[in-house]
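>
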Amino acid sequence: GEGGGGEEYEIRFVDNQEREQIAQQWLTLASEEERKILEQKVLPFRSTAYFTGKSRLCLGAFIGPNCQGLGLTEVRMDIQDLASFFMDKRVLRVMTLITKPKVQSEAATLILQASKQLAEET
């Protein structure tokens, strides 16, 4: 996707170690509200592989090496009805969405679009 200044965004998975580094860097810039989200949601979050019908994934929006936004998602079995259960359908839920403090960017929108695409592909 294209950023406002013509920068190329890359959306990719972020592992636990990288997510922690990003959150720690952002804490220094964060407002009180952002600090709460980083400390209570982003730092404790753990990406997990698909087991017990559920997996957790962290998506990051990057311009070059710089992360502009993080999306914490959960993929789980769709057990709304029996048919969904037997078809092994999955539901992707974005639990937390945070963008780099003090930076205006389209990162949140792009992460949501990527999450929607990911949900359609799984």
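Residue numbers (my numbering): 3 to 124.
Note that beta-carbon positions come from the ideal geometry of N, C-alpha and C, so glycine has one too.
Keep in mind it's a predicted model, so treat the numbers as computed, not measured.
To the nearest angstrom, how far is the alpha carbon of threonine 50 from that of glutamate 9?
By one-based count along the sequence shown, residue 50 stands at place 48. By one-based count along the sequence shown, residue 9 stands at place 7. In a straight line, the C-alpha of threonine 50 is about 31 angstroms away from that of glutamate 9.
> Taking the beta carbon of arginine 14 as the centre, do at least 16 other beta carbons fall within 10 Å, making it buried, or is it exposed?
Stepping through the sequence shown from its first residue, residue 14 is reached at position 12. Looking at its Cβ environment, which holds fewer than 16 other Cβ atoms inside 10 Å, arginine 14 is exposed.
> Let me check one thing: in DSSP terms, what residues is lysine 102 bridge-paired to?
Numbered from its first residue, the sequence shown carries residue 102 at position 100. BP columns for lysine 102 are empty, so no partner.
> Which of the three DSSP states is assigned to glutamate 108 in this structure?
As a first step, residue 108 must be located in the sequence shown, where it is residue number 106. Note: glutamate 108 maps to coil in three-state DSSP.
> Please give the ranges of any alpha helix (DSSP H) in the stretch 17-67, keeping only runs that are unbroken, at least 4 residues long and fully inside the region.
Complete alpha helix (DSSP H) runs here, min 4: 18-29 and 34-39.
> For methionine 97, write down the residues that DSSP places opposite it in a beta bridge.
Start at 1 with the first residue of the sequence shown, and residue 97 comes out as number 95. Bridge partners of methionine 97: none, in fact.
> For serine 117, count the other beta carbons within 10 Å of its own beta carbon; 16 or more makes it buried, fewer makes it exposed. Which is it?
For the purposes of this step, residue 117 is identified with residue 115 of the sequence shown, where counting begins at 1. By the 10 Å Cβ count, serine 117 comes out buried.
> Skipping 5 residues on each side, what residues in its chain have a beta carbon closer than 7 angstroms to that of isoleucine 113?
Within the sequence shown, residue 113 is the residue found at index 111, counting from 1. Around isoleucine 113: Ile13, Leu61, Ala63, Gly71, Gly73 and Leu99.
> For glycine 73, verify whether its CB is less than 7 angstroms away from any heavy atom of the ligand HEM.
Although the ligand HEM was asked about, the structure shown includes no ligands whatsoever.
> Once DSSP output is grouped into helix, strand and coil, what is the label at glutamate 12?
Taking the sequence shown and counting its residues from 1, one reaches residue 12 at position 10. In the structure shown, glutamate 12 sits in a strand (DSSP, three-state: E or B).
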